[in-house]
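Undergrad:
Residue numbers (the working numbering): 5 to 237.
(1) Per DSSP, which one or two residues make a beta bridge with residue 120?
(2) Using the C-alpha atoms, what's the distance from residue 180 back to residue 213?
(3) Between the Cα of residue 217 and those of 227, 228, 204 and 226, spot the shortest distance and give me the residue it belongs to.
(4) Using alpha carbons as the reference points, say which of 115, 143 and 198 lies closest to residue 154.
(5) Within a Cβ cutoff of 6 angstroms, which residues of the same chain sit near residue 185, ignoring the five residues on either side of it in sequence?
(6) Classify residue 58: buried if its beta carbon has 16 or more other beta carbons within 10 angstroms, exposed otherwise.
(7) Give the straight-line distance between the Cα atoms of residue 120 and residue 71, rounded to the nearest whole angstrom.
(8) Consult DSSP for residue 63 and reduce its assignment to one of helix, strand or coil.
(9) So residue 188 and residue 132 are in contact, right, with Cβ under 8 angstroms, and what is the actual spacing, rounded?
In structure tokens:
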């Protein structure tokens, strides 16, 4: 105990003599504690509490794995996604998306949001229903389909004061005019902190194999199917 007290007194004297060192030490501790807290929050939210969807533990990521090297990649081409969707038997459905910045303008101020470009069935796979309006219908992610968009709850409150007449209004996103068809419930931020979702048009016939936007794919496991069984599939 005496040795510990001597070390503390020695450290205090050293810090008083070198205030710059004291500042750096305190800053390093502060940043370290802050980053550790942030990472714990992310891990706790994603792994311990589970995804904020009904039966979120049944949602699985579908990844590409190189059998020769064991390397995996969470991105795949549109062609690979469509093959998985057609051939898999372990999921009630698979959906795909990629995240990106969306510049929004219109009657209100211009603003930049975190957004996602998604297959039309994404919200059905997640089993999330809008609090206002509807989500995407099959075919609305095909080239030439009507331009429709789904808003996040916070964006709806900020830009439209939470009013129901936001439905049917026009909104320009990345220079393209869309019609608002729905609003997601508060806390729905999938995949990270998204506030706006747009259809992901894909025309595999117009692309060479492996070309085009690379996407992330998820699926909802069928009842009775485990992750290991899905991996074999």
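C-beta: ideal position from N, C-alpha, C; glycine also.
TA: Straight from the coordinates:
(1) Residue numbering aside, residue 120 sits at position 116 when the chain shown is read from its first letter. Note: residue 120 sits in a beta bridge opposite 103 and 201.
(2) To locate residue 213, count along the chain shown from 1; it is residue 209. To locate residue 180, count along the chain shown from 1; it is residue 176. The alpha-carbon atoms of residue 213 and residue 180 are separated by roughly 28 angstroms.
(3) Taking the chain shown and counting its residues from 1, one reaches residue 217 at position 213. Residue 204 is the option with its Cα nearest to residue 217.
(4) The count along the chain shown starts at 1 and reaches residue 154 at position 150. It is 198 whose Cα lies nearest to the Cα of residue 154.
(5) Counting from 1 along the chain shown, the entry for residue 185 is found at position 181. Closer than 6 angstroms at the Cβ level, and outside the excluded window around residue 185, lie 137, 138 and 152.
(6) In the chain shown, residue 58 corresponds to position 54, counting from 1. Classification of residue 58: exposed, given that the 10 Å Cβ count is below 16.
(7) Mapped onto the chain shown, residue 120 falls at position 116. Mapped onto the chain shown, residue 71 falls at position 67. Using only the alpha carbons, I get a separation of about 30 angstroms.
(8) Here residue 63 corresponds to residue number 59 of the chain shown, with the count starting at 1. Correct three-state label for residue 63: strand.
(9) For the purposes of this step, residue 188 is identified with residue 184 of the chain shown, where counting begins at 1. For the purposes of this step, residue 132 is identified with residue 128 of the chain shown, where counting begins at 1. Indeed, because the Cβ distance is near 7 angstroms, the residues count as touching under 8 angstroms.
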